[in-house]
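S.K.: Would you mind keeping the following structure in view while I ask a few things?
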Amino acid sequence: LSSTRASVSASAAAPPSAGMASTLPGAAAGGGDSLYDALGVSPTATAEEIRKTYRKLVLKCHPDKIRDEREKPAAEKRYHAIVTAYEVLSDQVKRSEYDKRSRLNGAAGDDVLVNVTLKEALTGATKLAMVPRRKKCPWCAGVGLKCEPCDACDGKRVVASGAPCAKCDGRGFGAPVTCANCKALGATEDFFQGRVVVPPGVAHGARIQITGVKVHAKIHVMPSKLFARDGADIISTLRLSAEDAARGGFFDVETLRGAETTWVDEGAKTGDVKTLEG
């Protein structure tokens with residue numbers, strides 16, 4: 081079930097627009113000296129906000145704009161920090177991993193951040209989450225070291241005469257060397273595409289088990305430009321001119337289901353609330 085509250089805002093010059101509130105059962109978080117600081121954005125910034133901020137900073141802080149040679153090293157360092165931050169934060173998988181490691185946006189060590197729209201938070205949805213995981217290195221079988229075949233006997237342990245290879249002492253391989261694939265870690269970074277079932281009415285910051293792995297999704301409800309959330313209600317503002325508010329009548333109100341027509345009594349005042357059922 082849902083209810084709609086239309087909040088009226090009456091002004092002399094405002095053009096008519098719309099509003100609503102719906103029941104089906106929202107919010108934000110913080111950051112330090114981080115990649116978000118490098119761009120000057122909040123850890124809860126949307127992908128679009130990050131993109132716009134980055135474009136402005138690139139134009140403003142490009143080292144080529146610095147004429148004083150003494151200031152160029154600092155400008156280069158600042159520019160590099162901006163580009164590096166954007167490369168990570170513009171990629172959802174990299175950003176989720178960074179947030180998890182930095183304990184930002186309320187992420188726990190086993191959390192992967194999942195963005196949902198306000199509508200998805202209210203009505204429910206199924207989302208895919210890229211879950212970072214470590215995979216045994218196939219090059220060294222998880223050892224971290226690798227023994228290459230002996231180049232003298234081609235791994236056969238004996239030379240043409242049938243005598244044991246002197247270079248490898250008949251082992252067929254050389255001394256162990258660091259695995260170039262995993263850098264001696266024995267494992268490489270991999271990703272598992274997990275399914276996240278977002279229940280209707282999920283709250284911002286909720287943790288949901290990801291299907292198939294022992295990892296949770298941290299839900300981030302993205303801000304809406306059209307609506308605000310008040311508990312179980314979604315609120316949208318209907319802006320009317322002073323004349324329309326005094327006269328009343330039928331007006332279109334934006335809802336999560338699209339525009340709906342509602343009656344506004346004559347003499348409506350700013351702050352009046354009307355509930356639409358459904």
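The numbers in the numbering used here rise by one with no breaks, and the one at position 244 of the sequence shown is 324. Where a beta carbon is used, it is the ideal one built from N, C-alpha and C, also for glycine.
1. Cβ atoms of Ser321 and Val333: under 8 Å apart, would you say?
2. Quick one: is Leu139 buried, meaning 16 or more other Cβ sit within 10 Å of its Cβ, or exposed?
3. I need the boundaries of the alpha helix (DSSP H) containing Lys263, first residue and last residue.
4. Which residue comes first and which comes last in the beta strand (DSSP E) that contains Ile288?
5. Less than 8 Å separating the beta-carbons of Leu202 and Ile314?
6. Within the chosen definition, does the region 206 to 221 reach the region 163 to 181 through at least 3 CB pairs nearer than 8 Å?
7. If you draw a straight line from the C-alpha of Pro303 to the C-alpha of Pro279, how long is it?
8. Got a sec: does the ligand ZN put a non-hydrogen atom nearer than 7 Å to the Cβ of Gln289?
9. Alpha carbon to alpha carbon, what distance is there between Thr133 and Asp191?
10. For Val277 and Val196, which I take to be in contact (beta-carbon distance under 8 Å), what is that distance rounded to the nearest angstrom?
11. His284: buried (16+ other C-beta within 10 angstroms of its C-beta) or exposed?
M.R.: Based on what the coordinates show:
1. no
2. exposed
3. Element bounds for Lys263: n/a, residue is neither H nor E.
4. 287 to 289
5. yes
6. yes
7. 18 Å
8. Questions concerning the ligand ZN fall outside what the structure shown contains, since it holds no ligand whatsoever.
9. 27 Å
10. In fact, because the Cβ distance is near 12 Å, the residues do not count as touching under 8 Å.
11. buried
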